[in-house]
Every structure is written in structure tokens, then in C-alpha cells.
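Numbering (mature numbering (1 follows the signal peptide of the UniProt record, and there is no 0)), first residue to last: -23 to -1, 1 to 129.
For glycine and all other residues, C-beta sits at the position ideal for the given N, C-alpha and C.
Notes to accompany the following structure.
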């Protein structure tokens, strides 16, 4: 019986980790609507095939990030190399990359957006690229962008 407990815990832990899959949006229209509905900023990941996956492996695939992102942001992934994206989406994603000043991939931008009379206006909160140090350090920097301390 005692030997079965660690095995059971291992399987339950594995199940729990699998259930923490992140809900990345790929449609800006959907992401903006959810962001405004939930009153959370968007975390927009600009990426493409062949870019280093340090950010994915060391930050986005961790339980710490899964919990933090669920409580703080709406996840949006804009893959600039996605061949299945429509020409309109490709053009929109490139315009957003330029508007946010993204130069190196992958890079994350935090933003709010509002739509009035079919015109979308973005408010950039800041950018964050990969930095060594793991999920906790990355989350601390993200929190500094999302919740800046007011100075007197």
C-alpha cells in the first residue's frame, strides 16, 4: 500500500500538469473582446518558427506562469511565420509588430485595447524579451510592467 502512494501521487501530479495547458488566443479580435470583458491586459507574444525556445521552455511551460497568467493577463500568440494565417491576419500581425517596436523574436508586449466605430486603439504597457533567470524572475519583471509602483 505504501509503495502505491508515490505512484498515485506521480500520476495525479502528471494529470494536474497536463490540465494546466495555456489558452493562447490567435485572433486579436477575440483577445480584445476577452481582455475588455475580464478587464485584464493582453500579453501578446510575437514569435515565428525557428526562434529560440528559451522563453517557451523556461517561462511559459512552468506551473508558476500558468497560475500567474490565468490571474493576470489574456494570452495572445502572433506567429509571424504561420502559413495558415489569412493575408489580412498576416498584414495585421506585421503592423502590430511594427507599432509595438518589436525587433527581436520572441518578444512579449503588454497592451490594452479599445474599439470604437470599428477602429481599434492600442495602449502599450511595456515589452519584455527573454532573460535568463526562470519563470519567477520573468514574472517579477512582468508585474513591474503591469503594476508599476507610483513614485512621489
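Judged by their CB atoms, residue 87 and residue 122 are nearer to each other than the 8 Å cut-off. CA-to-CA, the gap between residue 91 and residue 49 works out to about 18 Å. Beta-bridge partners assigned by DSSP to residue 101: 88. Judged by their CB atoms, residue 24 and residue 67 are not nearer to each other than the 8 Å cut-off. By DSSP's assignment, residue 106 forms a beta bridge with 84. Residue 33 and residue 72 have their alpha carbons spaced roughly 24 Å apart. Between the beta-carbon of residue 52 and that of residue -2 there is about 6 Å, and that keeps the pair under the 8 Å contact cut.
Take the alpha-carbon of residue 30 and the one of residue 126: they are about 31 Å apart.
Shown here, residue 44 sits in a helix according to DSSP, grouped into three states. If the five residues before and after residue 106 are omitted, its C-beta is found closer than 6 Å to the C-beta atoms of 84, all from its own chain and listed in chain order.
Between residue 8 and residue 19, the gap from beta carbon to beta carbon is short of 8 Å. For residue 103, same chain residues with a beta-carbon under 7 Å away, outside a window of 5 residues either side, are 87, 122 in chain order.
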